[in-house]
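Quick notes on the structure that follows.
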Amino acid sequence: MAEPGPGRSLGSYSPVDYMSITSFPRLPEEETGGEPVPRAGEDDTFLGEHDSDPDAFLKSARLQRLPSSSSEMGSQDASPLRETVKDPFSSDCSCRQDGLTVIITACITFALGVTIALIMQIYFGDPQIFHQGAVVSDASHCTALGIEVLEKRGSSVDAAIATSLCLGIVNPHTSGIGGGGVMLVHDIRNNLTDVIDFRETAPSELHNELLQYSGHKAGILVGVPGMLKGLAKAHSMYGKLPWLDLISKVTEVADGGFNTTHDLAKAISDLKEDELSTTFQDIFFPHGLPLTPGTFVRRPDLAAILHEVATKGVDAFYSSNLTREMVTEVNAQGGVMSEEDFTNYNVSVEKPVQTVYQGHLVFAPPAPHAGPALISALNILEGANLTKHTSRSIALHWIAETLKIALGCASKLGDPSFEQTVTGYVTEILRRKQVFSGRRLTSSKLRILKIMCPSILFMWAQLQVKP
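Whatever position you read off the sequence shown (first residue = 1), add 165 for our numbering.
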């Protein structure tokens, strides 16, 4: 075995005893024998094949020996530190600036990517689904059907379609596929509001003279129904569930049956049986007695019609054998309806009238609907400055008198498609909001009301107008 040299032999070294070569300047250090260690620039050589002394290798490679025990650590003298004026973060170290540039670029790229993804989700992604909603109708069966549509991820328009068609089955005295309506829809994504107008229209052969001399005939008062075409239009614009699935749910209500509501029973009891058709009496006067509240009723006739509409579309109602049957029945009662009236029926999509009431934007259907009258009433109440501190009696007084004015205004609202003066009248109503600015109406403000609503002159004293 080779004899150990003056220093430690390599045979007894451990990973704790020696450290690998470092590029940092080592501190000055004294060896055991007092011989100074060579500094940088002094005879720096690499280990050759003839160099076999471990201590010589360590000295030539400028290794720094680490103490392997606490006693050895304490025996070493602290070496003085050398002061330097070189800034390690000066411009010479360009890697720091390059790293900062990379970080900033990555953050900007990430933010830009997230923004683009959100924009694409808003405009091209699935519609936003709310976890809370409300369906309101005057029949619990139909309200439950609308809620069921929402729970199946249908849109609010889908729920409105199902609920309204259901009401035509459960409460046929107030609505149904033989009538029409209007639907106001606000698109929250695009911040747009549309009014889908599908009111009944008069037959093309109807004129004023015919109404004067034949107004007592039931058939002359029947209009072209727009319900199914209007709901189909609304579904094409805002619907989400398939049309077949949606109408099939309503078909189940008619085919499965329902309990007669109190409102329907009262409406039937008020009719005179001798003025009713045989078909009507078979449905609502079974065994010669009117339906009573709670009586179970099935409507297979409506179920068959809705099934055809669900599978074939609205043409099954507006251009089919059913159309000819309806035209024949109406004309038999003194009407002047034709199949072309059904075929030529069109749904109109319009923009609403609007106002701001106590900071809230209010939309309403335009004329000939009562929307402009409602806007006029809200404008008056805005001037009345009703707050939570207003007494109940005063608030109710203002609301009641304002509704009287609104009804007077509504009496002049005709169809602008046939009466051009209606457009100017509505414009005048919507333009007069600024005149209702005080708690009490002044004489000048009342003159505006006279212009807008001549039928409310009697309200001078009731509104306590200042002289």
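Cβ coordinates follow ideal geometry from the N, Cα and C atoms, glycine included. This one's a predicted model, so the numbers in the text were calculated from it and none came from an experiment.
Closest Cα partner of residue i within the set the options
| i | options | result |
| --- | --- | --- |
| PHE461 | PHE275, VAL418 and VAL267 | VAL418 |
| LEU572 | ALA542, LEU396 and GLN377 | ALA542 |
| LEU436 | ASN424, LEU456 and THR426 | LEU456 |
| LYS394 | LEU526, LEU546 and GLY345 | GLY345 |
| LEU578 | PRO531, HIS562, ALA549 and LYS553 | PRO531 |
| ILE413 | THR444, ALA575 and LEU471 | Looking at the sequence itself, residue 413 is Ser, so the reference to Ile does not match. Nearest option by C-alpha distance: LEU471. |
| LEU595 | ASN550, ALA529 and ILE564 | ALA529 |
| LEU409 | HIS338, ASN496 and LYS477 | LYS477 |
| GLY341 | TRP563, PHE363 and GLU566 | PHE363 |
| ALA491 | GLY343, THR339 and PRO337 | The sequence given here places Met at residue 491; Ala does not occur at that position. Of the candidates GLY343, THR339 and PRO337, the one whose C-alpha sits nearest the C-alpha of MET491 is GLY343. |
| HIS338 | GLY421, ILE448, VAL267 and LYS317 | ILE448 |
| PRO465 | LEU429, THR416 and MET285 | THR416 |
| ARG354 | MET285, GLY589 and GLU494 | MET285 |
| ALA538 | THR508, ALA575, ALA549 and HIS525 | ALA575 |
| ASN336 | LYS431, GLY589, SER558 and LEU376 | LYS431 |
Alpha-carbon to alpha-carbon, residue j and residue i
| i | j | result |
| --- | --- | --- |
| VAL279 | SER320 | 28 Å |
| SER485 | ASP506 | 13 Å |
| ASN356 | GLY298 | 19 Å |
| VAL600 | ILE433 | Only weak support exists for where VAL600 lies, its pLDDT of 48 falling under 50; the value from the coordinates is given anyway. The straight-line gap from Cα to Cα measures roughly 47 Å. |
| SER503 | VAL474 | 21 Å |
| GLY603 | SER556 | Because GLY603 carries a pLDDT of 41, less than 50, the predicted location of this residue cannot be relied on, and the following value inherits that uncertainty. Roughly 17 Å separates the two Cα atoms. |
| ALA469 | LEU561 | 48 Å |
| VAL591 | LYS516 | 14 Å |
| LEU406 | LEU330 | 16 Å |
| PHE482 | PRO368 | 17 Å |
| THR366 | LEU283 | 45 Å |
| ALA399 | GLY391 | 12 Å |
| TRP563 | HIS534 | 23 Å |
| CYS307 | LYS317 | 16 Å |
| VAL587 | PRO581 | 5 Å |
| HIS633 | LEU551 | Past the boundaries of the shown model lies residue 633; the chain is included only from 166 to 632, so the question cannot be answered. |
| PHE583 | LEU277 | 54 Å |
| ALA549 | GLY536 | 20 Å |
| LEU371 | GLU494 | 17 Å |
| ASN496 | LEU332 | 27 Å |
| THR520 | ILE268 | 50 Å |
| VAL527 | ALA271 | 46 Å |
| LEU375 | HIS381 | 10 Å |
| ALA565 | SER558 | 11 Å |
| PHE189 | ASP263 | Its pLDDT being 45, under 50, PHE189 is placed unreliably in this model, and the value from its coordinates should be taken loosely. Their Cα atoms are separated by approximately 23 Å. |
| SER401 | HIS525 | 29 Å |
| SER305 | LEU411 | 18 Å |
| GLU593 | THR443 | 50 Å |
| PHE445 | SER379 | 23 Å |
| LEU568 | ILE281 | 50 Å |
| ASP352 | HIS554 | 35 Å |
| GLN377 | LEU487 | 30 Å |
Pair within 8 Å by beta-carbon distance, residue i and residue j
| i | j | result |
| --- | --- | --- |
| ILE385 | GLY500 | yes |
| VAL518 | ILE361 | no |
| THR425 | GLY453 | no |
| ASP359 | VAL514 | yes |
| ILE334 | LEU467 | yes |
| VAL300 | THR274 | no |
| TYR510 | VAL387 | no |
| TYR403 | VAL350 | yes |
| GLN498 | ALA383 | yes |
| ILE540 | ILE570 | no |
| ASP303 | ASP420 | no |
| GLU547 | GLN523 | yes |
| ALA397 | VAL314 | no |
| PRO422 | ARG489 | Sequence check: residue 422 is Gly here, not Pro. Their beta carbons are not under 8 Å apart, which means GLY422 does not touch ARG489 by this criterion. |
Runs of beta strand (DSSP E) lying entirely within the stretch 496–540, each at least 3 residues, in chain order: 513–515, 518–522 and 525–529
Give, in chain order, every unbroken run of the alpha helix (DSSP H) that is at least 4 residues long and sits entirely within the stretch 400–485. 408–421, 427–434, 443–449, 465–477 and 480–483
Which parts of the stretch 312–359 are runs of the alpha helix (DSSP H), unbroken and 4 residues or longer, counting only runs that do not cross its ends? 321–335
Going residue by residue through the stretch 360–405, where are the continuous alpha helix (DSSP H) segments of at least 4 residues, counting only ones entirely within it? The qualifying runs are 373–379 and 392–403.
What runs of the alpha helix (DSSP H), each 4 residues or longer, lie entirely inside the stretch 542–585? 557–575
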